[in-house]
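Okay, structure first, notes after.
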Amino acid sequence: MKINKNCPECAGLSLSHLKEKGEVVCNDCGLVIEDKLFDFGQEWREHDHEEAAKKRRTGAPLSYTHADKGLGTSIGTKADIYHLNKTNKNKFFRLRKWQNNVASAIERNLQIALSEIQRLVSVLQLSKTIEEEASRIYTHAAQKGIVKGRSTETIVAAVIYIVCRNYEVPKTLDDLESATSIDKKEIGRNYRYVVREMNIRVTQSDPVNYVSRYVSNLELSQKTHTTAIRLLEKAQRREITSGKNPLGLAAAAIYAASKLNEEKRTQNEIASAIGVTEVTLRNRYKDFVESLKLKIAA
Numbered sequence: 213m214k215i216n217k218n219c220p221e222c223a224g225l226s227l228s229h230l231k232e233k234g235e236v237v238c239n240d241c242g243l244v245i246e247d248k249l250f251d252f253g254q255e256w257r258e259h260d261h262e263e264a265a266k267k268r269r270t271g272a273p274l275s276y277t278h279a280d281k282g283l284g285t286s287i288g289t290k291a292d293i294y295h296l297n298k299t300n301k302n303k304f305f306r307l308r309k310w311q312n313n314v315a316s317a318i319e320r321n322l323q324i325a326l327s328e329i330q331r332l333v334s335v336l337q338l339s340k341t342i343e344e345e346a347s348r349i350y351t352h353a354a355q356k357g358i359v360k361g362r363s364t365e366t367i368v369a370a371v372i373y374i375v376c377r378n379y380e381v382p383k384t385l386d387d388l389e390s391a392t393s394i395d396k397k398e399i400g401r402n403y404r405y406v407v408r409e410m411n412i413r414v415t416q417s418d419p420v421n422y423v424s425r426y427v428s429n430l431e432l433s434q435k436t437h438t439t440a441i442r443l444l445e446k447a448q449r450r451e452i453t454s455g456k457n458p459l460g461l462a463a464a465a466i467y468a469a470s471k472l473n474e475e476k477r478t479q480n481e482i483a484s485a486i487g488v489t490e491v492t493l494r495n496r497y498k499d500f501v502e503s504l505k506l507k508i509a510a
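For the sequence shown, our numbering gives the first residue as 213, with consecutive numbering after it.
Structure below.
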């Protein structure tokens with residue numbers, strides 16, 4: 213298919229859209245002007261399931277976990293040069309050599325970032341879905357230029373935190389700090405920066421998601437685990453959790469549940485295990501006692 217457009221390299225007007233490669237190519241110098249223009253619609257009609265299975269496209273799905281989204285790009289092939297004159301053949305090989313030896317700044321950054329995302333996903337035992345979504349967000353952030361001048365590792369940690377929150381995976385800034393050795397305040401600052409610049413809506417973490425982990429860490433019983441979840445669910449129905457730190461709410465629920473079930477744990481023990489201050493725990497605990505009318509011995 214012919215394209216009405218000028219080649220930015222040689223100003224040639226003879227351009228073709230190679231549908232099988234998903235590329236727009238200059239017929240004069242061989243430069244690939246645009247790529248990854250694949251049409252993923254079906255080009256045939258299905259008459260039966262077996263025929264459809266034979267005709268469907270095959271190959272790995274596009275993935276943001278690769279710097280090129282799983283589609284390698286090259287400036288033509290040897291078969292493309294036969295119609296070129298000597299001058300344009302030399303230009304073709306020069307462009308091929310340039311591409312093979314010099315990656316763009318964005319591609320280099322993405323290679324580092326996607327490798328770090330893969331590492332963090334492994335360390336934090338996250339799913340491939342989290343890795344894919346984090347890679348997608350980082351790729352778009354890099355393309356928009358908002359990662360320029362900032363630590364790649366810190367932006368990656370911030371993006372992982374964003375995705376974990378939106379997928380309701382109970383990972384905290386402390387978890388990210390432990391996995392990266394980056395101060396959690398710095399991760400938090402970059403988290404807010406990415407959310408703002410990318411206009412991402414982040415869901416409020418559900419404190420219920422944190423209960424199992426910290427009840428286990430504190431070596432409390434299944435009964436206390438169940439009680440803490442019931443307290444949080446009641447608090448959510450009464451709408452006293454809105455806008456509150458989910459970790460503080462989880463800490464208060466676990467503390468209240470441990471007292472109700474006579475499992476002695478101090479405020480300091482629970483606050484330290486969960487990573488909140490004793491003041492936060494006491495304030496949220498007071499909200500629980502007053503709003504839920506809990507009868508707990510002092």
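Glycine included, each C-beta is placed from N, C-alpha and C at the ideal position.
Nearest-angstrom Cβ-Cβ length linking residue i and residue j, presumed shorter than 8 angstroms
i      : j      : result
Thr439 : Ala462 : Going by Cβ atoms, the distance from Thr439 to Ala462 rounds to 13 angstroms, so no, they are not a contact pair.
Ile452 : Ser484 : With a Cβ gap of about 24 angstroms, Ile452 and Ser484 do not count as contacting.
Thr415 : Asn378 : 5 angstroms
Leu444 : Pro419 : 5 angstroms
Asn402 : Ile367 : 6 angstroms
Ile508 : Lys471 : 5 angstroms
Ile409 : Thr364 : Per the sequence presented here, residue 409 reads as Glu, with Ile not at that position. Contact flag wrong, Cβ pair sits at about 16 angstroms.
Asn457 : Val501 : At roughly 18 angstroms, the Cβ-Cβ gap does not stay under 8 angstroms, so Asn457 and Val501 are not in contact.
Host alpha helix (DSSP H) of residue i (start-end)
i      : result
Gly224 : Segment: none, Gly224 is in no alpha helix (DSSP H) and carries neither H nor E.
Gln330 : 317-335
Cys376 : 364-378
Lys356 : 340-356
Lys498 : 490-503
Asp240 : Run containing Asp240: none; DSSP gives neither H nor E here.
Glu481 : 479-486
Thr277 : Counting along the chain, Thr277 falls outside any alpha helix (DSSP H), and DSSP gives it neither H nor E.
Leu385 : 385-392
CB contact flag (residue i, residue j, <8 angstroms)
i      : j      : result
Ala464 : Tyr426 : no
Gly460 : Leu493 : yes
Ala317 : Tyr350 : no
Ser417 : His437 : no
Ala354 : Asn300 : no
Leu336 : Ala391 : yes
Leu225 : Val237 : no
Ala380 : Asn429 : Per the sequence presented here, residue 380 reads as Glu, with Ala not at that position. Cβ atoms of Glu380 and Asn429: not closer than 8 angstroms.
Arg348 : Tyr405 : no
Residue ranges of each alpha helix (DSSP H) within the region 401-463, 4 or longer
Taking only runs of at least 4 residues, the alpha helix (DSSP H) segments lying wholly in the region 401-463 are 420-429, 434-449.
Should the region 422-439 be called in touch with the region 397-414, which here means at least 3 C-beta pairs below 8 angstroms?
Counting Cβ pairs under 8 angstroms, fewer than three are found: no touch.
Can you find at least 3 beta carbon pairs, one from the region 367-375 and one from the region 322-333, that sit closer than 8 angstroms?
The region 367-375 makes contact with the region 322-333; the number of CB pairs closer than 8 angstroms reaches 3 or more.
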